[in-house]
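As structure tokens, the structure follows; a few thoughts come after it.
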Amino acid sequence: MNFKKLFALAKEKGIEDIQVYYAGNTELDIEVFKGSVEKYAIADSAKLTVKGIYNGKMGTVSTEIVNEDVFDFIVESIIGSAKMIDSEDEVFIYEGDKEYKQVEGLFDASLDEVGAAKKIEDTKRFEELVMAQDERINMVQAFYGEGTTKVLIQNSKGLKLEKKVNGGVIGAFIIASDGKDQRTTYEYKLSNDYNDFDLEAMAISGAKDVCSQLGASPVETGEYEILLTNKASCSLLSPHVSMFSAESVQKDISLLKGKVGEVIGNELITLVDDPFRKKSGRSGAFDDEGVATQYKELIKDGKLTGYLHNLKTAKKDDTKSTGNGFLNGIAPTNFYFLEGNTEYDEIVKDMKKGLIITELAGTHAGCNAVSGDFSLQSSGFLVEDGKIVKPVALITVAGNYLELLKDVTAVCNDLYFNFGYVGSPSLRIKSLKVSGK
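Residue 444 is where the sequence shown ends in the numbering used here, and the numbering goes up by one at each step.
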């Protein structure tokens, strides 16, 4: 599409500068249950988000009609939107950076090269593999999904950026029962390389996770040493991401305000935002504002080094955007704790009495990102003298997230990412309060 016509029309109507953000998506969803395909859906969508400056105010409009017929509507909508703005904040359209990093692995053709029939076959096979692992598994809902996104950012200042990314996921919802107890779990793998999907290993892992929790019961109330598994640590980090946003800091709703340079975690803790990570749908050389992305260490050896910025917050703090400006606000790209060099099994063997926490429920309701306090229903295993004694459930783990980071005593080498591209290895914690029986 020729956006120069839109830019010319906007200028004619008095819009000083204008920027277009185009995203086109193609998605495939497959669901299998009891060997039958319950869902097979292909969806294409496209969206234009356009912003422009009119009389010193920024107007914005979005539309899913992507053709030149909507140019008049876009221009009039920007003008109408700008007239409704009361804020006196200075606004501008970004002219771009001098250099943008060449990011490898954003698009992998292997997802397209594998046909739909093969993907259906593999999803069915994954369901069969999970069911075959243990007779106590009585239901498996297997799924496969993939998506390809094309992004174009172009503005009247001469900026033009493009990228194409894709990604896939295969997984299953698993239920196991022994007649007295029933447990559930999700097992999945994210990648844009189809060859990364090791169905046998995933089936073994998922079946082990769910069956090992059968017969779980609470432990006595008290303080316990904790081994927070990588999956559980991801669940706990996710609701606390917002405290690293400069917008939250500027609005006085972040516990990290004024703490740059201070120790907020054990020296073993380094937290990064990595837009260049391979095989990730969140990676890219630029954000949605056209700013070049950069690798950042938000926590370096336990010390807070800075916040995530977009153009607006950076201007307010008289600094540069970190390349974290997205359509829905400030957000990380691939946000994770760096791995340590400790083996998970070695920590278990070294624990005298403690808990392995494998699952945290209700993190968005049970976590306060402003104060850092959390209280969460949890499950896992009791460890005594280096051996797993029994599965544990119906307990509540409580604490403060920054205090937890300070109490980390070991970081494992088993980095894991969730659907939100938040990642963590398993973390050994000095102690947490546990409410049980």
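Cβ atoms here follow ideal geometry from the backbone N, Cα and C, with glycine treated the same way.
Item	Value
Expressed to the nearest angstrom, what Euclidean distance is found between the alpha-carbon atoms of G31 and K264?	37 angstroms
Classify D357 as helix, strand or coil using the three-state DSSP reduction.	helix
Pull the bridge partners of V429 from the DSSP assignment, please.	F342
Thinking C-alpha only, which one of L275, G186 and T155 is nearest G174?	T155
What residue from S224, G178 and T67 has the CA that sits closest to D203's CA?	G178
Count the other CB atoms within 10 Å of the CB of V27; is the residue buried (16 or more) or exposed (fewer)?	buried
Which residues does DSSP pair with N407 in a beta bridge?	D380
Going by alpha carbons, who is nearest to D205 out of I81, I233, T130 and V172?	T130
Take G186 as the anchor and find which of G268, L311, T312 and E142 has the nearest alpha-carbon.	E142
Roughly how many angstroms lie between the CA atoms of R284 and A149, to the nearest whole one?	27 angstroms
In the DSSP assignment, what residue or residues form a beta bridge with T312?	Paired residue(s): none; T312 is not in a bridge.
Under the rule that 16 or more other beta-carbon atoms within 10 Å means buried, what is K245, buried or exposed?	The sequence given here has Ser at residue 245, not Lys. Buried, since its Cβ has 16 or more Cβ neighbours within 10 Å.
Using the Cβ count rule (16 or more neighbours within 10 Å means buried), how would you classify M91?	exposed
Could you check which residue in V82, T349 and K12 has the C-alpha nearest to that of T70?	V82
Reducing DSSP to helix, strand and coil, say where Y231 ends up.	strand
Using the Cβ count rule (16 or more neighbours within 10 Å means buried), how would you classify D392?	exposed
Taking 9 angstroms as the cut-off, decide whether the C-beta atoms of V441 and V147 are in contact.	no
Quick check: what's the CA-CA separation for G59 versus Q161?	12 angstroms
Going by the DSSP bridge assignment, what does R132 pair with across the sheet?	In the DSSP output, where bridge partners are listed per residue, R132 has none listed.
Using the Cα positions of L35 and F114, report the straight-line distance between them to the nearest angstrom.	16 angstroms
In its own chain, which residues sit with a C-beta less than 6 angstroms from the C-beta of L159, not counting the 5 before and 5 after it?	Y29 and E169
Skipping 5 residues on each side, what residues in its chain have a beta carbon closer than 7 angstroms to that of K20?	V82 and I86
Using a C-beta cutoff of 9 angstroms, does T67 count as contacting chain D?	Checking the listed chains, one finds no chain D in this structure; it contains a single protein chain.
Comparing C-alpha positions only, which one of L243, T277 and R132 sits nearest to F381?	L243
Is A214 closer than 9 angstroms to V137 when the C-beta atoms are compared?	yes
Using the Cβ count rule (16 or more neighbours within 10 Å means buried), how would you classify T228?	exposed
Can you name, in chain order, every residue of its own chain whose Cβ lies under 6 angstroms from the Cβ of A50, other than the five neighbours on each side?	E34
On the DSSP bridge assignment, give the partners of S442 in chain order.	T403
For K18, which of helix, strand or coil comes out of DSSP?	helix
Hey, quick one: how far does the alpha helix (DSSP H) through E207 stretch, first residue to last?	L206 to C218
Where does P246 sit, in a helix, a strand or coil, going by DSSP?	helix
Just reading off the beta strand (DSSP E) that E445 is part of, what are its end residues?	This structure does not reach residue 445, given that the chain is present from 8 up to 444, and the question cannot be answered.
Would DSSP call I127 helix, strand or coil?	helix
Which same chain residues, not among the five before or five after K157, have their C-beta less than 6 angstroms away from its C-beta?	G31 and K171
Are the CB atoms of A376 and V248 nearer to each other than 9 angstroms?	yes
Let me make sure I understand the geometry here. Which of L412, I127 and A116 has the alpha-carbon closest to that of G272?	L412
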